[in-house]
Each structure stands twice: as structure tokens, then as C-alpha cells.
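Residue numbers (my numbering): 1374 to 1441.
All residues carry an ideal CB built from backbone N, CA and C; glycine is no exception.
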């Protein structure tokens, strides 16, 4: 499951953890969170979140050797 990131404070919602403090059990996909849920970090509404796609760190991708 993808994590989601708040555009205002960079809080991450991790579906594997949920948000126990606000009654969201572990395993709850972001799309299933109630619309009145608020960001625990800044209080923004759910619309401020977007999917967080992991990006590889420079130098940690595939390695290529020069021929010759």
C-alpha cells in the first residue's frame, strides 16, 4: 500500500500503521479514511494529501560497467 504525504507539513500517512490516535486501524487504505479526518501534524483536510512515491537515492541504482 502506498503512503500519502501532507502538502502542508510533510506528515506521512502509512496505511500499514493507520492512525490509532484518531481511530483509524492499521491496514486502512487512505481512500477508506473518513472525509472528516484531519492531518495529525497540522490539521489540514484529507485533500492536502497526495501519494508518496519513493524515489531511489542517487548512487543506489543499478551499476553499469564500461566496456573495453
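The Cβ atoms of residue 1400 and residue 1413 do not sit closer than 8 Å to each other. When rounded, the separation of the alpha-carbon atoms in residue 1419 and residue 1374 is 17 Å.
Beta-bridge partners of residue 1402 (DSSP): none assigned.
In this structure, the alpha-carbon of residue 1415 lies about 14 Å from that of residue 1409.
Listed as beta-bridge partners of residue 1424 by DSSP are 1377.
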